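Only one structure is covered here, and it is reproduced in the block below.
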Amino acid sequence: MLIHKKNFNIEQIADSGQCFRMNQLAEKHYSLIAFGRYLELIQRGEDLVEISCDEEEFAELWQDYFDLSYDYTQLIDTLLAGEDPFLRSAAAFGKGIRILKQEFFEMMISFIISQNKNIPAIKNCVEALCHKYGTPIRSAFDHNTIYYAFPTPSQLAQASKEELRELKVGYRDEYIIRAAQAVAEGQLDVNCIHSYSYKEAFDALKQIHGIGDKVANCICLYGLHHIQVFPIDVWIKRILDEVYQNEFNLKLYEGNAGIVQQYMFYFMRNQKENQNEKTAKEGMKSKKK
DNA sequence: TACCAGGGGTAAG
DNA sequence: CTTACCCATGGT
Numbered sequence: 002m003l004i005h006k007k008n009f010n011i012e013q014i015a016d017s018g019q020c021f022r023m024n025q026l027a028e029k030h031y032s033l034i035a036f037g038r039y040l041e042l043i044q045r046g047e048d049l050v051e052i053s054c055d056e057e058e059f060a061e062l063w064q065d066y067f068d069l070s071y072d073y074t075q076l077i078d079t080l081l082a083g084e085d086p087f088l089r090s091a092a093a094f095g096k097g098i099r100i101l102k103q104e105f106f107e108m109m110i111s112f113i114i115s116q117n118k119n120i121p122a123i124k125n126c127v128e129a130l131c132h133k134y135g136t137p138i139r140s141a142f143d144h145n146t147i148y149y150a151f152p153t154p155s156q157l158a159q160a161s162k163e164e165l166r167e168l169k170v171g172y173r174d175e176y177i178i179r180a181a182q183a184v185a186e187g188q189l190d191v192n193c194i195h196s197y198s199y200k201e202a203f204d205a206l207k208q209i210h211g212i213g214d215k216v217a218n219c220i221c222l223y224g225l226h227h228i229q230v231f232p233i234d235v236w237i238k239r240i241l242d243e244v245y246q247n248e249f250n251l252k253l254y255e256g257n258a259g260i261v262q263q264y265m266f267y268f269m270r271n272q273k274e275n276q277n278e279k280t281a282k283e284g285m286k287s288k289k290k
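Under our numbering, the first residue of the first sequence is numbered 2, with each subsequent residue one higher.
If you want it as structure tokens, here you go:
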């Protein structure tokens with residue numbers, strides 16, 4: 002079915018570092034696994050996305066998952082009309098990004114894995130975890146293809162350190178097992194944590210061995226949809242240092258700080274990529290000479 | 001407080 | 001090809 006929606010760009014969302022199981026199949030064509038379901042999406046126009054499900058499934062799951070009821074246009078317009086040149090550029094560049102409402106346990110484990118890793122490495126680990134411990138899903142498109150759901154807490158709690166090391170999670174093996182056990186055994190109640198305030202959820206998450214400030218904030222933002230949270234990773238830290246000389250006024254964007262952080266992150270990373278491509282091309286030219 | 005292990009991916013040499 | 005660098009957390 003076709004979704005006509007402003008500020009909804011599937012390429013930007015897939016490349017914004019918030020999700021690890023959205024993969025490019027072709028130009029403007031992506032796959033996604035969530036809620037134990039396989040989905041394909043095609044960007045048909047600036048405000049037009051084709052989505053491979055019926056209206057019932059869309060209303061039940063994906064409308065909420067893609068946060069399509071929230072008005073991003075108002076925030077974008079505010080930033081575009083604002084006096085901050087970096088944020089004006091960042092908002093214009095990433096205006097199709099939305100903060101997905103991803104599943105809590107998947108976010109918890111994914112962001113534990115994410116520490117000290119780049120995005121391709123995180124994706125490889127997450128995919129390996131799903132393949133080894135997750136429930137198989139039969140594709141609705143091609144009945145010979147099997148996809149794997151993200152493991153449940155009890156599925157993952159059965160993993161051994163040795164098995165996890167083979168999946169290249171490194172020293173995070175123990176963090177993963179203990180986190181999965183905490184959820185499976187109820188020390189960390191998934192139903193409760195959804196009803197907590199940001200601060201309560203943050204404190205509860207930090208009780209888990211291997212979850213520090215940055216990872217806890219990412220889980221709050223992406224797994225519990227506390228969009229006022231502003232996780233600071235090295236990219237954001239660099240922006241706060243170099244662009245703002247550590248005088249960025251977060252209070253101006255209170256309530257939407259997590260979205261603003263996404264625009265900053267996505268803009269900065271792509272600036273860097275463009276610079277790398279440029280230097281790579283220049284390098285090739287000089288080699289030819 | 002400051003520093004470092006840790007390991008896979010990527011950029012640079 | 002090899003080497004250097006990156007990075008969030010917990011431990012010293």
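Quick reminder that beta carbons are idealized off the backbone N, C-alpha and C, glycines included. Being a predicted model, the structure only gives us computed values, none of them experimental.
- Counted as a single uninterrupted DSSP element, the alpha helix (DSSP H) harbouring A181 occupies residues D174 to A185.
- Straight across, the Cα-Cα distance linking L88 with I43 is about 28 Å.
- When H227, C219 and I233 are compared, the shortest CA-CA separation from E107 is found for C219.
- Using a Cβ distance threshold of 9 Å, I4 and F94 do not count as a contacting pair.
- Boundaries cannot be given for A160, as no alpha helix (DSSP H) includes it and DSSP labels it neither H nor E.
- Distances from the alpha-carbon of A258 to those of C221, L165 and Q246 put C221 closest.
- Going by DSSP, A27 is part of the beta strand (DSSP E) stretching over M23 to A27.
- Between A91 and F231 the beta-carbon gap is near 14 Å, outside 8 Å, which marks them as no contact.
- Closest by C-alpha distance to D68, out of K215, D16, K200 and I11, is I11.
- In the DSSP assignment, S32 is bridged to N24 and E41.
- Residue environment: D174 is assigned as buried (16 or more neighbouring CB atoms within 10 Å of its CB, all protein chains considered).
- Buried is the label assigned to F151, since at least 16 other Cβ atoms lie within 10 Å of its Cβ.
- Using a Cβ distance threshold of 9 Å, Y148 and Y39 count as a contacting pair.
- Measuring C-alpha to C-alpha distances from Q116 to each of T153, K215, E61 and P154 identifies K215 as the nearest.
- Counting only residues of its own chain and dropping the five nearest sequence neighbours on each side, W236 has a CB closer than 6 Å to the CB of F266 and M269.
- Here Y134 really is in contact with Q156; their C-beta atoms are around 5 Å apart, less than 8 Å.
- Bounds of any beta strand (DSSP E) do not take in E128; it lies within the alpha helix (DSSP H) bounded by I120 to Y134.
- For G256, the three-state secondary structure derived from DSSP is coil.
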